[in-house]
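**Q**
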Amino acid sequence: MASSMRSLFSDHNRYVESFRRFLNSSTEHQCMQEFMDKKLPEIIARIGDRKSEIKILSIGGGAGEIDLQILSKVQIQHPGIHINNEVVEPSVEQIAKYKELVAKTSNLENIKFAWHKETSSEYQNRIMEKKEFQKWDFIHMIQMLYYVKDIPATLKFFHSLLATNAKMLIILVSGISGWNKLWKKYGSRLPQDDLCQYVTSSDLTQMLDKLGIKYECYDLLSTMDISDCFIDGNENGELLCDFLTETCNFNTAAPPDLKAEIMKDLQESEFSVKKEGKVLFNNSLSFIVVEA
464 MASSMRSLFS DHNRYVESFR RFLNSSTEHQ CMQEFMDKKL PEIIARIGDR
514 KSEIKILSIG GGAGEIDLQI LSKVQIQHPG IHINNEVVEP SVEQIAKYKE
564 LVAKTSNLEN IKFAWHKETS SEYQNRIMEK KEFQKWDFIH MIQMLYYVKD
614 IPATLKFFHS LLATNAKMLI ILVSGISGWN KLWKKYGSRL PQDDLCQYVT
664 SSDLTQMLDK LGIKYECYDL LSTMDISDCF IDGNENGELL CDFLTETCNF
714 NTAAPPDLKA EIMKDLQESE FSVKKEGKVL FNNSLSFIVV EA
């Protein structure tokens with residue numbers, strides 16, 4: 464690996480901007496919305512049975528857009544029941560955005576919010592030290608397990624916090640996605656970073672099977688328009704390439720042979736589809752619903 468290549472996570476501002484471009488270019492949030500509308504209501508149907516309060520734990524809640532969609536579905540499914548929503552999120556910026564979103568959103572009167580500025584591991588350590596093993600009715604981890612060092616231990620710990628009839632929802636990239644193929648083929652030649660690891664639903668279901676934890680897995684198609692990646696000097700394309708490879712300034716820092724290989728592969732059918740003149744990368748997501 465060329466020494467000039469460094470992880471995208473080493474430049475916080477560029478990472479944030481490339482992630483924003485990814486969301487704008489992909490159907491990620493629409494895919495999640497579809498799941499929330501079609502599948503989530505039946506999943507959460509019994510979590511509030513005979514309870515005066517529903518306790519929800521959001522691990523890596525980010526800026527709260529998806530969290531508030533989940534809370535809205537819980538409100539509809541369990542009208543009038545008080546909801547205690549606690550959020551574990553290490554980014555001060557994301558927590559600030561989450562609080563702003565809550566402040567300008569109506570119909571949240573029956574929801575109590577609390578934010579913890581910490582990683583899932585820090586939260587786990589704090590709970591273990593204090594021995595405050597509160598039970599939760601719904602725990603969700605959305606696109607965050609990539610940032611966890613010991614995933615099996617994390618799964619086992621949070622599963623142990625589920626109350627009767629509770630569910631845990633995990634969302635991450637699917638084993639059938641282009642990400643899986645990209646990481647497997649090129650991961651060793653791209654910058655390795657302690658902050659992030661390559662994990663897909665295929666890896667996760669194997670871990671859950673080993674732990675003897677029951678779950679159901681749903682795959683939903685999502686795409687990411689990467690057409691701009693093939694236009695020289697296109698700023699959007701350069702930022703999307705950074706996000707795809709998790710490499711800061713990939714287009715200028717990567718060795719020419721590696722760049723040529725990846726750019727060729729990204730147009731192949733196992734990674735993307737070509738439609739109406741666009742190159743659409745397979746960004747398919749898996750929604751894993753874990754039983755208590």
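Quick note: to get this note's numbering, add 463 to the position in the sequence shown (first position is 1).
Note that beta-carbon positions come from the ideal geometry of N, C-alpha and C, so glycine has one too.
Could you compute how far the alpha carbon of residue 634 sits from the alpha carbon of residue 679?
**A** Within the sequence shown, the letter at position 171 stands for residue 634. Within the sequence shown, the letter at position 216 stands for residue 679. Straight-line Cα distance between these residues: approximately 12 Å.
**Q** CA-CA distance, residue 496 and residue 532?
**A** Locating residue 496 in the sequence shown gives position 33, counting from the first residue. Locating residue 532 in the sequence shown gives position 69, counting from the first residue. Cα to Cα, residue 496 sits roughly 8 Å from residue 532.
**Q** Which ranges would you report for the beta strand (DSSP E) in the stretch 479–549 if only whole runs of at least 3 residues count?
**A** Correct list: 516–522.
**Q** Identify the continuous alpha helix (DSSP H) that holds residue 575 and give its terminal residues.
**A** Locating residue 575 in the sequence shown gives position 112, where the first residue counts as 1. Looking at the DSSP string, residue 575 is not in any alpha helix (DSSP H); the run it does join, the beta strand (DSSP E), is 574–579.
**Q** Could you compute how far the alpha carbon of residue 563 sits from the alpha carbon of residue 701?
**A** Counted from its first residue, the sequence shown places residue 563 at position 100. Counted from its first residue, the sequence shown places residue 701 at position 238. Distance between the alpha carbons of residue 563 and residue 701 is about 31 Å.
**Q** I need the straight-line Cα distance from residue 644 to residue 548, nearest angstrom please.
**A** Residue numbering aside, residue 644 sits at position 181 when the sequence shown is read from its first letter. Residue numbering aside, residue 548 sits at position 85 when the sequence shown is read from its first letter. Cα-Cα distance, rounded: 36 Å.
**Q** Would you give the residue range spanned by the alpha helix (DSSP H) that residue 725 belongs to?
**A** The residue you call residue 725 lines up with position 262 of the sequence shown. First-last of the alpha helix (DSSP H) with residue 725: 719–728.
**Q** In this structure, does DSSP put residue 755 in helix, strand or coil?
**A** Numbered from its first residue, the sequence shown carries residue 755 at position 292. Residue state, collapsed to three classes: coil.
**Q** According to DSSP, is residue 568 helix, strand or coil?
**A** By one-based count along the sequence shown, residue 568 stands at place 105. Three-state DSSP puts residue 568 in coil, outside helix and strand.
**Q** Along the chain, which unbroken stretches of the alpha helix (DSSP H) at least 4 residues long are found entirely within the stretch 594–675?
**A** List check, alpha helix (DSSP H) in window: 614–622, 641–649 and 664–674.
**Q** Only counting the same chain, and skipping five residues up and downstream in sequence, which positions put a Cβ closer than 7 Å to that of residue 721?
**A** Taking the first residue of the sequence shown as position 1, residue 721 is located at position 258. The answer, listed in chain order, is 652.
**Q** Output needed for residue 525: all residues of its chain with C-beta closer than 6 Å, excluding positions within five of it in sequence on either side, in chain order.
**A** What you label residue 525 is simply residue 62 of the sequence shown in a count that begins at 1. Once the five neighbours on either side are set aside, the close Cβ partners of residue 525 are 557.
**Q** With a cut-off of 8 Å on the beta carbons, I'd call residue 601 and residue 630 a contact; round off their distance for me.
**A** Numbered from 1 along the sequence shown, position 138 holds the residue referred to as residue 601. Numbered from 1 along the sequence shown, position 167 holds the residue referred to as residue 630. About 6 Å separates the two Cβ atoms, so the contact holds.
**Q** Could you compute how far the alpha carbon of residue 690 sits from the alpha carbon of residue 550?
**A** Locating residue 690 in the sequence shown gives position 227, counting from the first residue. Locating residue 550 in the sequence shown gives position 87, counting from the first residue. Each residue's Cα considered, the two are about 36 Å apart.
**Q** Exposed or buried, residue 734, counting other C-beta atoms within 10 Å across all chains shown (16 or more means buried)?
**A** For the purposes of this step, residue 734 is taken as the residue at position 271 of the sequence shown. Buried, since its Cβ has 16 or more Cβ neighbours within 10 Å.
**Q** So for residue 735, helix, strand or coil by DSSP?
**A** Locating residue 735 in the sequence shown gives position 272, where the first residue counts as 1. Note: residue 735 maps to strand in three-state DSSP.
**Q** Less than 8 Å between the CB atoms is what I'm expecting for residue 683 and residue 482, so what's the real figure, rounded?
**A** Locating residue 683 in the sequence shown gives position 220, where the first residue counts as 1. Locating residue 482 in the sequence shown gives position 19, where the first residue counts as 1. Rounded, the Cβ-Cβ distance is 20 Å, inconsistent with contact.
**Q** Please identify the residue among 512, 474, 605 and 523 whose C-alpha is closest to the C-alpha of residue 581.
**A** Counted from its first residue, the sequence shown places residue 581 at position 118. Closest by alpha carbon: 523.
**Q** Is residue 674 near residue 692, with beta carbons less than 8 Å apart?
**A** Within the sequence shown, residue 674 is the residue found at index 211, counting from 1. Within the sequence shown, residue 692 is the residue found at index 229, counting from 1. Their beta carbons are not under 8 Å apart, which means residue 674 does not touch residue 692 by this criterion.
**Q** Under the DSSP definition of a beta bridge, which residues are partnered with residue 688?
**A** Position 225 of the sequence shown, counted from the first residue, corresponds to residue 688. Bridge partners of residue 688: 743.
**Q** Taking only the alpha-carbon atoms, compute the straight-line gap between residue 539 and residue 619 and give it to the nearest angstrom.
**A** Mapped onto the sequence shown, residue 539 falls at position 76. Mapped onto the sequence shown, residue 619 falls at position 156. Taking the straight line joining both Cα atoms gives about 30 Å.
**Q** Quick check: the Cα distance between residue 474 and residue 597, rounded to an integer number of angstroms?
**A** As a position in the sequence shown, residue 474 is number 11, starting the count at 1. As a position in the sequence shown, residue 597 is number 134, starting the count at 1. Between residue 474 and residue 597, the C-alpha separation is close to 37 Å.
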